[in-house]
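Okay, structure first, notes after.
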Amino acid sequence: MSRILIVEDDERIRSSMRLALEDEGYTVEDVASGEEAVGRFAEEPFELVLIDLMLPGIDGFEACRTLRHQSTVPIIMVTARSDTHDVVAGLEAGADDYVTKPFVAKELAARICALLRRSRPDAAGDSVLSFGDVQIEPDAGVVRRNGEEVHCTRTEFRLLCELADHPGKVLSREHLLEQVWGYDYFGDGRLVDVHVRRLRTKVEPDPANPRFILTVRGMGYKLAV
Amino acid sequence: MALETPTGRRHRTRLSRNLGLRARVTLTFAIGAFALSAVMAGITYFAARQSFLNEHQSTDQRQAFANASLIKNALPSAGNQPSGTQVDQLIGSIDTLPGSLSVLHTGGKWYATSPIQVGQSAIPAELRTLVLHGTPASQYFTLGNSPQIVIGVPLPAEHSAYFEVFSLDELASTLRTLAFALAAAALVTTLAGALLGRWASGRALRPLAGLTDAAVAIAGGQLDTRVEAGDDVDLLELASAFNRMTANVQDRIEREARFTSDVSHELRSPLTTLAATVGVLDGHRDELGPRARSALDLLDADLTRFTRMVDDLLEISRFDAGSAELSLDEVDPGELVRRAVGASAPVDEDGHRAPVVFPVEVGPGVEGLRLRVDKRRFERVMANLVENATLYAGGVTRVEVARHPAGVDDPARSIRVIVEDQGPGVPEADRNHLFERFYRGSRAGRRESSEGTGLGLSLVAEHVRLHGGSIWIEDAPGRGSRFVIELPLEPHDEEEVPG
Numbered sequence: 018m019s020r021i022l023i024v025e026d027d028e029r030i031r032s033s034m035r036l037a038l039e040d041e042g043y044t045v046e047d048v049a050s051g052e053e054a055v056g057r058f059a060e061e062p063f064e065l066v067l068i069d070l071m072l073p074g075i076d077g078f079e080a081c082r083t084l085r086h087q088s089t090v091p092i093i094m095v096t097a098r099s100d101t102h103d104v105v106a107g108l109e110a111g112a113d114d115y116v117t118k119p120f121v122a123k124e125l126a127a128r129i130c131a132l133l134r135r136s137r138p139d140a141a142g143d144s145v146l147s148f149g150d151v152q153i154e155p156d157a158g159v160v161r162r163n164g165e166e167v168h169c170t171r172t173e174f175r176l177l178c179e180l181a182d183h184p185g186k187v188l189s190r191e192h193l194l195e196q197v198w199g200y201d202y203f204g205d206g207r208l209v210d211v212h213v214r215r216l217r218t219k220v221e222p223d224p225a226n227p228r229f230i231l232t233v234r235g236m237g238y239k240l241a242v
Numbered sequence: 312m313a314l315e316t317p318t319g320r321r322h323r324t325r326l327s328r329n330l331g332l333r334a335r336v337t338l339t340f341a342i343g344a345f346a347l348s349a350v351m352a353g354i355t356y357f358a359a360r361q362s363f364l365n366e367h368q369s370t371d372q373r374q375a376f377a378n379a380s381l382i383k384n385a386l387p388s389a390g391n392q393p394s395g396t397q398v399d400q401l402i403g404s405i406d407t408l409p410g411s412l413s414v415l416h417t418g419g420k421w422y423a424t425s426p427i428q429v430g431q432s433a434i435p436a437e438l439r440t441l442v443l444h445g446t447p448a449s450q451y452f453t454l455g456n457s458p459q460i461v462i463g464v465p466l467p468a469e470h471s472a473y474f475e476v477f478s479l480d481e482l483a484s485t486l487r488t489l490a491f492a493l494a495a496a497a498l499v500t501t502l503a504g505a506l507l508g509r510w511a512s513g514r515a516l517r518p519l520a521g522l523t524d525a526a527v528a529i530a531g532g533q534l535d536t537r538v539e540a541g542d543d544v545d546l547l548e549l550a551s552a553f554n555r556m557t558a559n560v561q562d563r564i565e566r567e568a569r570f571t572s573d574v575s576h577e578l579r580s581p582l583t584t585l586a587a588t589v590g591v592l593d594g595h596r597d598e599l600g601p602r603a604r605s606a607l608d609l610l611d612a613d614l615t616r617f618t619r620m621v622d623d624l625l626e627i628s629r630f631d632a633g634s635a636e637l638s639l640d641e642v643d644p645g646e647l648v649r650r651a652v653g654a655s656a657p658v659d660e661d662g663h664r665a666p667v668v669f670p671v672e673v674g675p676g677v678e679g680l681r682l683r684v685d686k687r688r689f690e691r692v693m694a695n696l697v698e699n700a701t702l703y704a705g706g707v708t709r710v711e712v713a714r715h716p717a718g719v720d721d722p723a724r725s726i727r728v729i730v731e732d733q734g735p736g737v738p739e740a741d742r743n744h745l746f747e748r749f750y751r752g753s754r755a756g757r758r759e760s761s762e763g764t765g766l767g768l769s770l771v772a773e774h775v776r777l778h779g780g781s782i783w784i785e786d787a788p789g790r791g792s793r794f795v796i797e798l799p800l801e802p803h804d805e806e807e808v809p810g
């Protein structure tokens, strides 16, 4: 059973989320603050973290960054608003996805399911993909640059694989959202944008002037060949 | 008791409103300048006239007395009557000014220098009497049409009287010229006054132009507009009062928007708990009795509606606060509409979407066009329109995506998304109001079964406006109404990043 850590300061929301996720078959543990979350995470591994952005003490962003430094665990942030800079800031702090309050339990379960599914070793391809000085081993879930391992979250890894699978082809945001996150056409394109930005800092020699992962204005992204 | 009639007051108000402030100031200046210059001109004229007349009179008197003493010396003393011829010669020898006339009364007869025999009739009777009784006198009078002055000198020792009549024609003409010049000067002054008034009012009103611009900007929603006071002490007060007022209004509007936003946010926490627990209950519905299940369904349905309402209120508050932002993507219009329509179909209990039962037609020339749009907002727009049609108009009959202008040879300027229904149509009078918040119009009272929040169409309009587009309602051919959304296509971008 997958273990999920819920970080949420509102006790009733915490309890209801716990009930809902336990009904979906997850083992759930909940904490009320960022500090507790970081401490708890250090003691025991979790397969996914749900973190509210508005927390007393160290806030969700900070907790997210701390967890991200320690692990590539999938993180879903829970925000009160979808259109502010919170979303982008949260994604930049290392979150893989977000849900907006109030969310439907089924929706949240679907997001969790999508993240957990792809965080398991992917069997999509068996050959080694490569571009520039980057090698990707889809089976092992490893990315190397000049032979040295690059630490990617699994979402970043999936995104990189998707791009590397179609070198030279423009992939729309919608396509990437569907393939990597399991969203439909109306998914939030900012997820793709932020993850591409993060990926560039890891595989591009000069992230500000990318040579491999290129933006095609108004169309999407492509991997240069 | 005289009461002012309302009509009278209204009439006055209208009059002063008809004349703008500038015109009124100009008129006031003109009237002032005219009055002042008229008084000055009048004083000048009368003073000049008086002084000219006095001078003329004293000159005339001197001459008349000089001539009188000449005549007195030439006339024989009393008792010796000179002959008519002698007197005629005497008068003829007198040196007179041009236009003046000497009349002598001696020996009971009148003699005059004029070639026309004016005689005593030229001289006013009272003066004649006065002088003949021994009093020297002068008098103004008119002869024919020309002004004259007559000076009478009695010569008692000779039983005679000498009169000299001077023409004032020249003086009159001088005064006429003067009057004309003064009138012209008054006219020029009046004009100058009017111009000055116009200039001054223009100058005084110039800061008002700034205020007008600011007010227009504020009315247009730019609440952070302020006016510059400059260093004019008089304007400083107005400007600061204006700015204070604007700041208050802005503060108030922002507070209201914040309040709505805060309320919506605060509602989100309990709603999250409610949604999660209702989800849990729903997962255990098999363990519930039929009555509890019905209650749960009711709870679930209204929780969904409540959540929608909170979402809509939050969205509205963002529009009100001007903080709504577009997250633009460049998309294929046909696909966008197809997807949005697909997403708007209701979901059944197992999470499957119902199939779309109406056609989505993509017109000629739409393919290949790219529309910059916020997909999430557009999805809301279509969902709300489809829902509106479902609730009030028997459902959507067709959706069309067309380019505008329709001719494929002209460059497309916008994309029109047309949603037709088969309802009773929307009366003309309702069409403009339909996009207002909580407007129900002729549909009032049909709420019971509705799941609408009352904000749907107003949000549709706001979303479309945020895209720089517009929405309106027409009659659909045959029956029903047709909602038309027009979204502008951006002019082709020059700075395309080469792929």
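Chain order of the listed sequences is A and P.
Reading the first sequence from the start, the letters are residues 18 to 242 in our numbering.
Reading the second sequence from the start, the letters are residues 312 to 810 in our numbering.
C-beta: ideal position from N, C-alpha, C; glycine also.
In this text the structure is predicted, and so the values were computed from the model without any measurement.
Sorted by chain position, which residues of the same chain lie with C-beta nearer than 8 Å to residue i's C-beta, five sequence neighbours on each side aside?
{"i": "P/L682", "result": "E641, V642, D643, P644, L647, I726, L798 and L800"}
{"i": "P/Q372", "result": "S449 and I462"}
{"i": "P/P435", "result": "Q450, F452 and V461"}
{"i": "A/R31", "result": "I23, E25, D47 and A49"}
{"i": "A/I21", "result": "L38, Y43, T44, V45, E46, F63, E64, L65, V66, L67 and I129"}
{"i": "A/G185", "result": "K239, L240, A241 and V242"}
{"i": "A/R207", "result": "V104, V105 and L108"}
{"i": "A/R35", "result": "I23, V45 and D47"}
{"i": "P/E437", "result": "Q450"}
Could you spell out the range, first to last residue, of the alpha helix (DSSP H) harbouring residue i?
{"i": "P/K383", "result": "L332 to A385"}
{"i": "P/A515", "result": "D480 to A530"}
{"i": "P/I402", "result": "G395 to S404"}
{"i": "A/R31", "result": "E28 to D40"}
{"i": "A/D210", "result": "G206 to V220"}
{"i": "A/E60", "result": "G51 to E60"}
{"i": "A/F297", "result": "The structure shown has nothing for residue 297 of chain A, since chain A only spans 18 to 242."}
{"i": "A/F78", "result": "G77 to Q87"}
{"i": "P/Q668", "result": "Position check: residue 668 of chain P holds Val in this sequence, whereas Gln was assumed. Unbroken run through P/V668: none, as it is neither H nor E."}
{"i": "P/V684", "result": "P/V684 -> not in any alpha helix (DSSP H); beta strand (DSSP E) instead, spanning L682 to V684."}
Per DSSP, which one or two residues make a beta bridge with residue i?
{"i": "A/V159", "result": "A/E154"}
{"i": "P/Q450", "result": "P/V461"}
{"i": "P/T588", "result": "P/T588 is not bridged to any residue."}
{"i": "P/F477", "result": "P/I460"}
{"i": "P/A423", "result": "P/V414"}
{"i": "P/P799", "result": "P/S725"}
{"i": "A/I23", "result": "A/D47 and A/L67"}
{"i": "P/S580", "result": "Looking at the DSSP assignment, P/S580 forms no beta bridge with any residue, so it has no partner."}
{"i": "A/L188", "result": "A/Y238"}
{"i": "A/I129", "result": "DSSP output for A/I129 lists no bridge partner at all."}
Starting from residue i, trace the beta strand (DSSP E) both ways and give me its first and last residue.
{"i": "P/T417", "result": "L412 to T417"}
{"i": "A/T232", "result": "I230 to V233"}
{"i": "P/L811", "result": "Outside the displayed range of chain P (312 to 810) lies residue 811 of chain P, so it cannot be described from this structure."}
{"i": "P/V442", "result": "Run containing P/V442: none in the beta strand (DSSP E); it sits in the alpha helix (DSSP H), A436 to L443."}
Beta-carbon within less than 6 Å of residue i's beta-carbon, same chain only, minus the 5 sequence neighbours each way: which residues are those?
{"i": "P/P518", "result": "L546"}
{"i": "A/E41", "result": "A126"}
{"i": "A/V167", "result": "V160 and K219"}
{"i": "A/A4", "result": "Outside the shown range of chain A, which is 18 to 242, sits residue 4 of chain A, and nothing can be said about it."}
{"i": "P/I486", "result": "Note that residue 486 of chain P is Leu in the sequence shown, not Ile. Cβ within range, chain order: R360."}
{"i": "P/S760", "result": "Only weak support exists for where P/S760 lies, its pLDDT of 47 falling under 50; the value from the coordinates is given anyway. Counting only Cβ-Cβ distances below 6 Å, and skipping sequence neighbours, we find nothing."}
{"i": "P/A654", "result": "E690"}
Looking only at its chain, what residues have a beta carbon closer than 7 Å to the beta carbon of residue i, apart from the 5 residues adjacent to it on each side?
{"i": "P/F630", "result": "E773"}
{"i": "P/F689", "result": "L647 and A651"}
{"i": "P/S348", "result": "A496, A497, T500 and T501"}
- Task: Write down every uninterrupted run of the beta strand (DSSP E) in the stretch 93 to 126 of chain A whose length is 3 residues or greater and which is fully enclosed by it, in chain order.
- Result: Along the length of the stretch 93 to 126 of chain A, whole beta strand (DSSP E) runs at least 3 residues long occupy 114 to 117, reported in chain order.
- Please list the residues of the stretch 184 to 214 of chain A that have a C-beta atom closer than 8 Å to any C-beta atom in chain P, keeping them in chain order. Answer set for the stretch 184 to 214 of chain A: V187, R190, D201, Y202, F203, D205, G206 and R207.
- Query: Going along the stretch 529 to 546 of chain P in order, which residues come within less than 8 Å of chain A, judged by CB to CB distance?
  - Reply: Those would be none; no residue qualifies.
- Item | Contained beta strand (DSSP E) runs [length at least 3] in the stretch 617 to 658 of chain P, N- to C-terminal order | If we require 3 residues or more, the beta strand (DSSP E) runs fully inside the stretch 617 to 658 of chain P come out as 640 to 642.
- Just list the beta strand (DSSP E) runs in the stretch 690 to 768 of chain P, keeping only unbroken ones of 3 residues or longer that don't cross its boundaries, in chain order. The beta strand (DSSP E) runs of length 3 or more contained entirely in the stretch 690 to 768 of chain P are, from start to end of the chain, 707 to 715 and 725 to 732.
- Task: Give, in chain order, every residue of the stretch 641 to 652 of chain P whose Cβ lies closer than 7 Å to some Cβ of chain A.
- Result: Closer than 7 Å at the C-beta level to chain A, one finds these residues of the stretch 641 to 652 of chain P: E641 and R650.
- Query: Which of the residues in the stretch 112 to 125 of chain A, read from start to end, lie with their CB under 9 Å from any CB of chain P?
  - Reply: Taken in chain order, the members of the stretch 112 to 125 of chain A whose beta-carbon sits within less than 9 Å of a beta-carbon on chain P are T117, K118, P119, F120, V121, A122, K123 and L125.
- Message: Closer than 7 Å between beta carbons: that is the criterion. Which residues of the stretch 34 to 55 of chain A meet it against chain P?
- Response: Answer in chain order: M34, L36, A37 and D40.
- Query: What residues in the stretch 740 to 752 of chain P bring their beta carbon closer than 9 Å to a beta carbon of chain A?
  - Reply: Answer in chain order: no residues at all.
- Identify each residue in the stretch 665 to 695 of chain P for which the Cβ-Cβ distance to at least one residue of chain A is less than 7 Å, and report them in chain order. For the stretch 665 to 695 of chain P, residues whose beta-carbon sits nearer than 7 Å to a beta-carbon of chain A comprise R681, K686, R687 and E690.
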